[in-house]
Amino acid sequence: MLDPFDRKILSALQADATLSLASLSDIVGLSQSPCWKRVKRLENEGFIVGRVTLLDREKLGLGVSVFVSVRTNKHDELWLADFAAAVSEIPEVVEFYRMSGEIDYLLKIVCSGIADYDRIYRKLIRSAELFDVSSSFAMEQIKYTTAVPL
Numbered sequence: 007m008l009d010p011f012d013r014k015i016l017s018a019l020q021a022d023a024t025l026s027l028a029s030l031s032d033i034v035g036l037s038q039s040p041c042w043k044r045v046k047r048l049e050n051e052g053f054i055v056g057r058v059t060l061l062d063r064e065k066l067g068l069g070v071s072v073f074v075s076v077r078t079n080k081h082d083e084l085w086l087a088d089f090a091a092a093v094s095e096i097p098e099v100v101e102f103y104r105m106s107g108e109i110d111y112l113l114k115i116v117c118s119g120i121a122d123y124d125r126i127y128r129k130l131i132r133s134a135e136l137f138d139v140s141s142s143f144a145m146e147q148i149k150y151t152t153a154v155p156l
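Its first residue numbered 7, the sequence shown is counted upward by one per residue in our numbering.
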């Protein structure tokens, strides 16, 4: 169960995972030792699963986001395991979900442009037997965050 101090710690670290212990302690209102113990507990209990550096995709030449809807006639565990393994090997696929409703899988792909996406698309359709693949290119990113509500 998270108390208000835990939530403050998580909120501060979501905003800036590079905070020093002294800065984090000041923000949260705890001395360093209890703050450190709480951070360690939150890590051990799986609330904190990693720390990353967020990159500017535009500056890296990966400014195109493509949402790919996949439908299949195969729904057995072996097919799913093989498909999941193949998709997970494609580095440009940054998100991958099994869905309910009209589509079976939804992928988010980041790439440099149409030709780059076509290369990724061809790799995807070679990876498994698929019934339908539909792509939608994002025109504008209106909201993006890695922070979850606390």
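Using N, Cα and C, we set each Cβ at its ideal position, and we do this for glycine too.
*How big is the Cα-Cα spacing for K65 and I120?*
For K65 and I120, the distance between alpha carbons rounds to 17 Å.
Query raised in the report: CA-CA distance, S106 and D138?
Result: 16 Å
List the endpoints of the continuous alpha helix (DSSP H) containing R104. That residue, R104, is in no alpha helix (DSSP H); its beta strand (DSSP E) goes 99 to 104.
Problem set entry | Residue interval of the alpha helix (DSSP H) (run including S37) | Element bounds for S37: n/a, residue is neither H nor E.
task: Have a look at the DSSP bridge pairing and note the partners of V70.
output: Looking at the DSSP assignment, V70 forms a beta bridge with C117.
Practice task
Using a threshold of 9 Å, state whether the C-beta atoms of L25 and A18 are closer than that.
Solution key: yes
C-alpha gap between D32 and F11, whole angstroms = Approximately 12 Å between the Cα atoms of the pair.
**Prompt:** Excluding five sequence neighbours on each side, which residues of the same chain lie with their C-beta closer than 6 Å to the C-beta of E95?
**Reply:** none
What number of angstroms, rounded off, separates the C-alpha of I115 from the C-alpha of S39? The straight-line gap from Cα to Cα measures roughly 42 Å.
* Asked: Taking the continuous beta strand (DSSP E) assigned at D138, which residues delimit it?
  -> 138 to 143
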